[in-house]
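Undergrad: Chains as they are written, first to last, in our numbering: chain A, 1479 to 2062; chain B, 1479 to 2062. Ideal placement from N, C-alpha and C gives every residue a C-beta, glycine not left out. Dropping the structure in here first, questions after.
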């Protein structure tokens, strides 16, 4: 080794010992005949000191060190006179007797500190310098610690990690496949896996009993929001289990991860039914770090001439609202902003009625014309409204109102910092519907994928009222983000057939898309189920990142480009000729 | 859970308890009013017993079970009268009181036992059934245990697992890239990684200090021998290390793997210089489970008129041979076979001279015409020949003789079972040459890759005698198979330039192929080095497989096909149109 210690481990206990350290020069400063150098590595920063009185040449050499030079120093651990108790190594410094420059550095294109002057494009291009910044470095380390905790937990529970292939068959299902031309069979293509879903089910049929894999998945989707063309899943499957076994196993895993990575005791994870999540939070991924439930007013409203409310109810919709605690003093401008927020096309309700419970005891509403103060107070009771509270009420089709109020709930939380940044809300959402009805065409489609098992209790509604059939499908939600999705799978051929029939998937299509799985079901399929964690998002949340790029070593831009490597690029025409393809 | 126990865990201690088991029907047999069923899962086999006297209907149901039906049974653990002490569960059976059929099975296309009637093609097509065979199942489990041991070992030593991208830049270097057309930038392509070599070096420059990854690599090579288009590496890199640190760390890791996976104490791993490996074993991956060194006879031969020997030496070649202990009784036919073996075109020497030290004390040779018995005994001394030994001697160019005798050594070991199947030979091969000279063109090429550091002591020969320069490159060899390859990398810009110059790589090519790595070297590169284990081959050796397909869940055929999924396949022309490519 070039060193005896890292830059993060020396303290007063080592005072007096001779050590050798290596690292990058964070900064140098000359002060009254002394030169101080902050030496950085992955483990921390240690202060080096060079004394002009003792060794002029050495001190001179230290003064010429540039930022990010890689050096090796030998010296003695010495107690500092001026201590920095904010860092573990802050009570000591190294009195240097020998300095070797291992590599010089040009001036870096941006400042290598958490508070950098580099924009994201520049930092992506020089990602190897960006990773030297403690924040990004520590996020990548935390990601690795999460994966390490997963291995510990699952290996101890008889899960077997099995690597499934990357070069698989293209199935025109779900998102778009990345394709890989075959050189040996011109005109044929492999696909890169969107997930190992079918392969892990085959491993259950193969009798592997408990499988997992930290696995890369690839989808050639358009880059909306915080997406990457390649992303990682913690993919898991178990045989001979019911939903409750999955909840216990993977609830336990997330608790283990919290304990290992953040030394945080995550309590038992509550289960919320999909219907309740939609009813109370307007979302299948509610953030419960704060309360603020949606209150439905159908049946609770005083009679009025207010047709916005009356028509919504008459048309089968709902009147519902939120209690924005302590927001009665919102200005006209703030109220208008919230009105515009819910009117955005993807929410599309007509606006919000407000009722303000002022500190002076008065109650005012934008619907004063239709409701007297007593009626407003009556409405307020449904919300347990107190002085200072603001009620925001919408009326429209049920799904629109819920979606809009669900979004509004998050918007209010953001404006009011309702979410404690040190709190964690982790939930199971259960009892999703098996089918969804397309609002426009009325067609039945699957809500997750066609292998999710229905609740067997609900098979009675299968023919008459299919959207009433619940699936044995579940998500885990963390701070309002879906971090896991899974289901108990269908292992009975007759039920699988019924589901395909209901979805209108023809026999030919079944065979083409899922033939090798359906074939496997003919030879003894055990009951099985599983889930997949989105590793990138889980790591982002635990590491406190803003986007999943913050926990990926070499991410791509929203246009799918790798700015560091400069990929994708044109290739040599000979390469294409070998593959039997050409550009159009 | 559908079960209270697995099929591998019950024994006499549980006698009398009520249990529920699930699994596959291995076989059923009716014997004098009783029906016995072997129930199998990943963990073992448990015998079920149904008594016709107690419950006719239940026994009747059991009699109708087919092979590979998936069932659930409830019953009582009972001591067997006729015990099978070869399996952990062999002292008990389950007296069944309830039987539920979870899935039926058609008759499988081959017998699901280690000794199967299915050929490999059929078993690859129905891989999910092949994996039910205990041998393949246990090999996949052992592979997972190896990976688990790797995580344990490296996580405990501050290595950080970092996932590097699969969609990278195509560099026309080494083997052929698999290409992935970009939909967003028509005419541009990603490549799938042949290895994360450059990315892991960038992670060292990024200050990650210790990196590893269990990573898939892809090479679009022609399928010679036991190759797969995708394979797995345990890829590792460390900063601030010398070769000895790598030997200690990864020698320790392989010892840890042996201990964890096979409960075997692997001794300290010897180091053999490349030159010595070639001289004594004719191979850079010698199998030292058996001895039989190559003995060079130049300078030791008695004077003779035997021009085969004399000319080889006069032309700068060697005369060298092996002592095939105890093979003096080889027949003429056997000796001829060995002669043909070394004459094969890729070995290409003219034949073998034999000297037989017979049990009766006589010495005979195929070169009797040129050497009398005393001279033959004199040659025998160099081999420490004893009664019963057979010497096999070749004469030609040094490299040809070594290669041929190296192969012959393995052939003799195979014919004579010299390798103890329970022994392990694990070695480091060190001091590889940095450059190789093409025997035909005389051009200098790199022996490993252009980032391997030369031995700094040898830089004196760099200009005058470059093939004399040793690289800081090393392999680990297990039972004659390379399982690890690595090197200390060049981190000094001036040395990297010298190497590129010597290899005749133009500045333009350097930039095109390695630009983003060379650019990174400008900003402070630490000294670093690493290695990659071939996980498939390591697992194959430890699990006792014949080919790497035996330790891959879903392998491809030698033609690159997945017979189970039927990939690659033609795709929808619309998919190609979206990618801006067409078939030629």
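1. Using a Cβ distance threshold of 8 Å, determine whether the segment 1720-1735 of chain B contacts the segment 1622-1630 of chain B, with at least three qualifying pairs required.
2. Under 8 Å by Cβ, that's how I've got residue 2005 (chain A) and residue 1718 (chain A) pegged, so tell me the actual separation to the nearest angstrom.
3. Quick one: which chain A residues come within Cβ less than 9 Å of residue 1694 (chain B)?
4. Comparing the C-beta of residue 1718 (chain B) with each C-beta of chain A, is any distance below 8 Å?
5. For residue 1438 (chain B), which of helix, strand or coil comes out of DSSP?
6. What's the C-alpha gap between residue 1722 (chain A) and residue 1604 (chain A)?
7. Can you name the start and end residues of the alpha helix (DSSP H) that residue 1734 (chain B) belongs to?
8. With a CB to CB cut of under 7 Å and the five nearest residues on each side skipped, what residues in its chain are close to residue 2040 (chain A)?
9. Cα separation between residue 1918 (chain B) and residue 1771 (chain B)?
10. Any beta-carbon of chain B closer than 8 Å to the one on residue 1551 (chain A)?
11. Taking residue 1858 (chain B) as part of the alpha helix (DSSP H), name the residues at either end of that continuous run.
12. Exposed or buried, what is residue 1668 (chain A) when buried is set at 16 or more other beta-carbons lying within 10 Å of its beta-carbon?
13. Kindly list, in the order they appear in chain A, the residues whose Cβ is closer than 7 Å to that of residue 2005 (chain B).
14. Could you say which of A:1850, A:1710, A:1560 and A:1716 lies nearest to residue 1635 (chain A) if we only look at CA atoms?
15. Let's test the definition: count the other Cβ atoms within 10 Å of the Cβ of residue 1864 (chain B) and tell me whether it reaches 16, buried, or not, exposed.
16. If the criterion is Cβ atoms closer than 8 Å, does the pair residue 1648 (chain A) and residue 2047 (chain B) meet it?
17. Based on the DSSP secondary-structure assignment, which residues constitute the bridge partners of residue 1502 (chain A)?
18. For residue 1625 (chain B), go through chain A and note every residue whose CB falls closer than 8 Å to its CB, in chain order.
19. For residue 1937 (chain B) versus residue 1904 (chain B), is the C-beta spacing smaller than 8 Å?
20. Given a limit of 9 Å on CB to CB distance, which residues of the segment 1481-1508 of chain B reach chain A?
21. For a contact defined as C-beta to C-beta under 8 Å, what are the partners of residue 1595 (chain A) on chain B?
22. Given this structure, state the Cα-to-Cα distance separating residue 1984 (chain B) from residue 1976 (chain B), to the nearest angstrom.
23. Assuming residue 1775 (chain B) contacts residue 1886 (chain B) under a Cβ cut-off of 8 Å, what Cβ separation, rounded to an integer in Å, is found between them?
24. Determine the chain B residues that contact residue 1939 (chain A) at a beta-carbon separation under 9 Å, and present them in chain order.
25. Against chain A, does residue 2053 (chain B) count as a neighbour if the rule is that its beta carbon must be under 8 Å from one of theirs?
26. Residue 1663 (chain A) versus chain B: which residues are under 7 Å apart at the beta carbon?
27. Check whether the segment 1501-1511 of chain A and the segment 1542-1559 of chain A touch, using three or more Cβ-Cβ pairs below 8 Å as the test.
28. Assess, as a yes-or-no matter, whether the segment 1907-1915 of chain A is touched by the segment 1743-1760 of chain A under the definition of 3 or more beta carbon pairs within less than 8 Å.
29. Can you check DSSP and say which residues form a bridge with residue 1694 (chain A)?
30. Give the range of the beta strand (DSSP E) segment to which residue 2009 (chain A) is assigned.
31. Considering only C-alpha positions, which residue in the set B:1974, B:1806, B:1665 and B:1813 is nearest to residue 2131 (chain B)?
32. Determine the closest residue to residue 1822 (chain A) out of A:1883, A:1671 and A:1789, with distance taken between C-alpha atoms.
33. Could you tell me the distance, in whole angstroms, from the CA atom of residue 1670 (chain A) to the CA atom of residue 1562 (chain A)?
34. Are the Cβ atoms of residue 1620 (chain A) and residue 2021 (chain A) separated by less than 8 Å?
35. For residue 1704 (chain A) versus residue 2026 (chain A), is the C-beta spacing smaller than 8 Å?
36. Using DSSP with H/G/I as helix, E/B as strand and the rest coil, what is residue 1919 (chain B)?
TA: For this structure:
1. The answer is yes - the segment 1622-1630 of chain B touches the segment 1720-1735 of chain B, with three or more Cβ pairs under 8 Å.
2. About 6 Å separates the two Cβ atoms, so the contact holds.
3. Here the neighbours are 1641, 1643, 1644 and 1694.
4. For residue 1718 (chain B), the closest Cβ of chain A is nearer than 8 Å.
5. Since the displayed chain B opens at 1479 and closes at 2062, residue 1438 (chain B) lies outside it and no answer follows.
6. Going by the C-alpha atoms only, they are around 47 Å apart.
7. For residue 1734 (chain B), the enclosing alpha helix (DSSP H) stretches over residues 1721-1740.
8. Setting aside the 5 residues that flank it on each side, residue 2040 (chain A) is surrounded in the same chain by 2032 and 2034, each with a C-beta closer than 7 Å to its C-beta; the list follows chain order.
9. Roughly 29 Å separates the two Cα atoms.
10. For residue 1551 (chain A), not one C-beta of chain B is nearer than 8 Å to its own C-beta.
11. First-last of the alpha helix (DSSP H) with residue 1858 (chain B): 1851-1860.
12. That one is buried.
13. In chain order: 1480 and 1580.
14. Comparing Cα-Cα distances from residue 1635 (chain A) to each of A:1850, A:1710, A:1560 and A:1716, the minimum goes to A:1716.
15. Classification of residue 1864 (chain B): exposed, given that the 10 Å Cβ count is below 16.
16. Taking 8 Å as the Cβ cut-off, residue 1648 (chain A) and residue 2047 (chain B) qualify as a contacting pair.
17. According to DSSP, residue 1502 (chain A) bridges with A:1518 and A:1548.
18. Near residue 1625 (chain B) (Cβ distances below 8 Å), the residues of chain A are 1639.
19. For the pair residue 1937 (chain B) and residue 1904 (chain B), the CB atoms are not nearer than the 8 Å cut-off.
20. Listed by position along the chain: 1481, 1484, 1500, 1501, 1502 and 1503.
21. What residue 1595 (chain A) touches in chain B: nothing, since even the nearest Cβ is about 16 Å away.
22. Computed Cα separation, rounded: 12 Å.
23. Actually they are not in contact, since the Cβ atoms of residue 1775 (chain B) and residue 1886 (chain B) sit about 15 Å apart, beyond 8 Å.
24. Against residue 1939 (chain A), chain B offers no close residue; the least beta-carbon distance is about 24 Å (beta-carbon pairs closer than 9 Å).
25. Yes, residue 2053 (chain B) lies at the interface with chain A (some Cβ there is under 8 Å from its Cβ).
26. In chain order: 2046.
27. Because the criterion of three Cβ pairs below 8 Å is met, the segment 1501-1511 of chain A and the segment 1542-1559 of chain A touch.
28. Because the criterion of three Cβ pairs below 8 Å is met, the segment 1743-1760 of chain A and the segment 1907-1915 of chain A touch.
29. Its beta-bridge partners are A:1710.
30. Its beta strand (DSSP E) spans residues 2006-2012.
31. In the structure as shown, chain B starts at 1479 and stops at 2062, and residue 2131 (chain B) therefore has no counterpart that could be examined.
32. The shortest Cα separation from residue 1822 (chain A) among A:1883, A:1671 and A:1789 belongs to A:1883.
33. Roughly 51 Å between the two C-alpha positions.
34. Cβ distance < 8 Å, so residue 1620 (chain A) and residue 2021 (chain A) count as in contact.
35. When the beta-carbon positions are compared, residue 1704 (chain A) and residue 2026 (chain A) come within less than 8 Å of each other.
36. In this structure, residue 1919 (chain B) counts as coil in the three-state DSSP scheme.
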